[in-house]
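Which chain is which? The protein sequence lines are A and B, in order.
Under my numbering, the first sequence is numbered contiguously, ending at residue 255.
Under my numbering, the second sequence is numbered contiguously, ending at residue 255.
There are 2 protein chains.
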Amino acid sequence: MRVDVAFTPAELPKGGAAGRTVVVIDVLRATSSIVHALFNGARRIVPVTTVEEAVRKAEELGRDAVLLCGERDCLPIRGFDLGNSPEEFTAERVAGRTLVMSTTNGTPALLASAGSAECLVGALLNAGAIARRVAGAERDALILCSGREGRFAYEDAFCAGLVLRRLRQLRPRVRTDDAGRAVLRLLGRGQGSPAPILRRSAAARRLQEVGLGQDVQFCAQVDLHDVIPSFVEQRIELTAGE
Amino acid sequence: MRVDVAFTPAELPKGGAAGRTVVVIDVLRATSSIVHALFNGARRIVPVTTVEEAVRKAEELGRDAVLLCGERDCLPIRGFDLGNSPEEFTAERVAGRTLVMSTTNGTPALLASAGSAECLVGALLNAGAIARRVAGAERDALILCSGREGRFAYEDAFCAGLVLRRLRQLRPRVRTDDAGRAVLRLLGRGQGSPAPILRRSAAARRLQEVGLGQDVQFCAQVDLHDVIPSFVEQRIELTAGE
């Protein structure tokens, strides 16, 4: 079994992710928000690329039936119901609701997983659950970091390393590629909170600039939720655990 | 002063490398071969994308006036004079000659540097010379790893880390990005030969498969040559040191 890592959607191998499980990671903040929203009872999340598409999708589903959420340059989108801070996605706001979400980096990565055998949504919040699920499957996997505007993002690589380390604790013979070896090395032996590491990333510094630094602290919580969101037929819902 | 790192040409920031020094790295093997060939007296190297373009360029310059060199899938190209193993580029073969070179990963990275203020060619072989040159310049820089078929390559990231660490020894206040912090961490504190690290990379394993494992050993030599190749007007020549 092999589990490779891509640092950006552009690094998807030729032939994409056909036949593999893809784990999409955008720690700051899209996949953290998705994991937290589904944990809090959101019915489903529909990721879309543009603001216009989000509005159109909301009209199609019935504007009152959905919550529009997402960000541009980290900030909430005018006219939307929620931004992209995980803690906005409380049970009070999201339980039973359909969320239409558009974010800068996470959404394109999710859509790039098209053609995979299965697409899971991972973050530090559910790293352990994801590792167990991938380890329990019979097929090869690819951990797809969303990155930041097409470039490497430290926090996503760190999370990929954590998932891969957990996976190898469960299946020591899992093979990986150059990027997988790099993320394992980035992790080092550290067992403490990744919050200080996350705070030095470009994404975290941008969030601090716009007053959203508390999101970094929230997204740095490892294994807060034992949930596995799965992206199937244009929507993300919880799947049963392994 | 800031010095960022890109793991593949696709990671070049928007606006490319305008106004910056770009250091192109393809440790296994294109930039190692270029450094060694110029050290051995090659007059200039003309990188081109395709085999057809190489042949056309050779006809334009006079077939006997040039050496055709390069690889496809690591192997020498039929009808070419030299492959892409650095040790083929001996003084006997290359002194005073113009080389037309086409390689899979290094050439596209070199061509992606178009628009930069200055494009330097780096490898482990000349890491120290490159670091001194970048540190001595007044402008921001970008270390561009060629990667492997559009994906992260460990050996290039390692070399980027070495150049960045040397740079910071000379200019401790150099700022960097997420990828720069990652490559510094990949390096660790190790001061020994990088050969064992390089040998685990996907590129090295492919070279070993086709009987070119000795190239890895050669390319792992840090600071073998004190030369700085510069890519200007479609050709690479040595520049004077700082």
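Cβ atoms here follow ideal geometry from the backbone N, Cα and C, with glycine treated the same way.
Note that the coordinates shown come from a computational prediction; the quantities given were computed from them, not determined experimentally.
Taking CB atoms only, residue 26 of chain B has a neighbour in chain A less than 8 Å away.
In this chain, the beta strand (DSSP E) harbouring residue 58 of chain B covers 57-60.
Listed as beta-bridge partners of residue 79 of chain B by DSSP are B:111. By the Cβ neighbour-count rule, residue 127 of chain B is exposed, with fewer than 16 other Cβ atoms within 10 Å of its own.
Proximity to residue 198 of chain A across A:172, A:76, A:105, A:43 peaks at A:172, based on C-alpha coordinates. Going by C-alpha positions, residue 207 of chain A is about 16 Å away from residue 135 of chain A. Under the 10 Å beta carbon count, residue 70 of chain B is surrounded by 16 or more other beta carbons and is classified as buried.
Nearest CB-CB separation between residue 213 of chain A and chain B: below the 8 Å threshold.
Closer than 8 Å to the CB of residue 198 of chain A there is at least one CB belonging to chain B. As DSSP reads the structure, residue 132 of chain B sits in a beta bridge with B:35. Per the DSSP secondary-structure output, residue 72 of chain B pairs with nothing in a beta bridge. Secondary structure of residue 125 of chain B (DSSP, three-state): helix. Between residue 194 of chain A and residue 213 of chain B, the beta carbon gap of about 7 Å places them in contact (Cβ cut-off 8 Å). Rounded to whole angstroms, residue 153 of chain A and residue 180 of chain A show a C-alpha spacing of 12 Å. Between residue 93 of chain A and residue 83 of chain A, the C-beta spacing is below 8 Å. The Cβ-Cβ distance between residue 148 of chain A and residue 183 of chain A falls below 8 Å.
Within 10 angstroms of the beta-carbon of residue 245 of chain A lie fewer than 16 other beta-carbons, which makes it exposed. Residue A:15 holds the alpha-carbon nearest to the alpha-carbon of residue 32 of chain A among A:15, A:202, A:42. Inclusion of residue 163 of chain A and residue 233 of chain B in the CB contact set at 8 Å is not warranted, their separation being larger than that value. Remark: C-beta atoms of residue 236 of chain B and residue 18 of chain B do not approach each other more closely than 8 Å.
One thing to note: residue 34 of chain B has its Cβ within 8 Å of the Cβ of residue 129 of chain B.
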